[in-house]
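Just add 227 to the spot in the sequence shown (first one is 1) and you have my numbering. Glycine residues also receive a C-beta, built at the ideal position from the N, C-alpha and C atoms.
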Amino acid sequence: MSVVYAQNGWGRAFALRADTGARLWEAPLVENGFAPFLVDEEGVWIGFDNLAYQRLDRATGKELRRYDRPDMSGAGGNPTALGDGALWLRNSFADDSNVVACDRRTGAVVRRLPADATPAFGTGRVYVANRGVVRALDTTAGYATRWTYTSPRQAATVRLVAGGHVYVADGSGELVVLEEQTGKRVWSYRLSAEPHPMENVVAESDWRGWTVPGLGTAQGRVFAPAQDGFLIAFGNA
């Protein structure tokens, strides 16, 4: 049975049957929020703006773990990311932008990297963006930098890693697709108009400071949100 996990923005999480929409369970959350869920074999993970997170049982919604780090603060709709054996949250407290990797079992901080966007992961790699520079870090070699990509607007977010490619939402309004191993530019597409030269472009966020949706892939296609509410699908002709 396929299940959809969601929250209502008022501190309640839900599990729904994908075919009928029937509610399977409802559970309380640590706080109100709008961040997307992550689901794996260990449970349903949800992060919050104050760098708290919860892990819920997939079948029942029972809370399995809760961890709070009050000395940090995340972006609005702060998403979680799972990779390299850790749970990652974006910290933007006091202009100190970074991503914090927490041990999935204990919540202890195991790594901290400069970043102003949520990281993305590939095989043996973590892709981290900070002030418009995307770095491909080798997690099997002490996080050595294998290649970099630089945005002309000093803002970039790695939205997706799939099919041997890295999909970057550039602050210029373009979707830029790079080879995963080399960082070579493969193709690009303009999703929104070029921002005004004086406009302050913030990676991953909209004008209110809320994290905006990412990209998705299914059936050999990549789906990207674009200007004026359009959803664009890319695939082989």
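{"query": "Span of the beta strand (DSSP E) around residue 325", "result": "323-330"}
{"query": "Supposed contact pair residue 278 and residue 301 - C-beta distance, whole angstroms, cut 8 Å", "result": "5 Å"}
{"query": "From 332, 385 and 238, residue whose alpha carbon lies closest to that of residue 352", "result": "385"}
{"query": "Separation of residue 382 from residue 400, as counted between CA atoms", "result": "10 Å"}
{"query": "Under the three-state DSSP convention, the category residue 454 falls into", "result": "helix"}
{"query": "Residue 364 versus residue 374: straight-line alpha-carbon distance, rounded", "result": "8 Å"}
{"query": "Residue 415 - DSSP class collapsed to helix/strand/coil", "result": "strand"}
{"query": "Alpha carbon of residue 284 to alpha carbon of residue 304, nearest angstrom", "result": "22 Å"}
{"query": "Of the listed residues 419, 420, 395 and 422, nearest to residue 410 (C-alpha basis)", "result": "395"}
{"query": "Paired residues, beta bridge with residue 315 - DSSP", "result": "308 and 328"}
{"query": "Helix, strand or coil at residue 392 [DSSP, three-state]", "result": "strand"}
{"query": "Exposure of residue 298, with buried meaning 16 or more beta-carbon neighbours within 10 Å", "result": "exposed"}
{"query": "Buried or exposed (CB count within 10 angstroms, at least 16 for buried), residue 318", "result": "buried"}
{"query": "Own chain, CB closer than 6 Å to residue 258, minus 5 neighbours either side, in chain order", "result": "275"}
{"query": "Same chain only: Cβ atoms within 7 Å of residue 412, ignoring 5 sequence neighbours per side", "result": "403 and 405"}
{"query": "Closest residue to residue 469 among 335, 356 and 339 (Cα-Cα distance)", "result": "Because the chain spans 228 through 464 in this model, residue 469 falls outside it and cannot be assessed."}
{"query": "Neighbourhood of residue 260 by C-beta, 6 Å cutoff - its chain only, sequence neighbours within 5 removed", "result": "275"}
{"query": "Cut-off 6 Å between Cβ atoms - residues of its own chain near residue 380, not counting five sequence neighbours on either side", "result": "398, 399 and 428"}
{"query": "Own chain, CB closer than 6 Å to residue 264, minus 5 neighbours either side, in chain order", "result": "232, 271 and 273"}
{"query": "Close beta carbons around residue 388, own chain, < 6 Å, minus the five adjacent residues each side", "result": "347 and 349"}
{"query": "Nearest candidate by alpha-carbon position, reference residue 267, set 418, 230, 457 and 442", "result": "230"}
{"query": "Residue 314 versus 324, 449, 337 and 325, residue with shortest Cα-Cα distance", "result": "337"}
{"query": "Bridge partner(s) assigned by DSSP for residue 362", "result": "355 and 375"}
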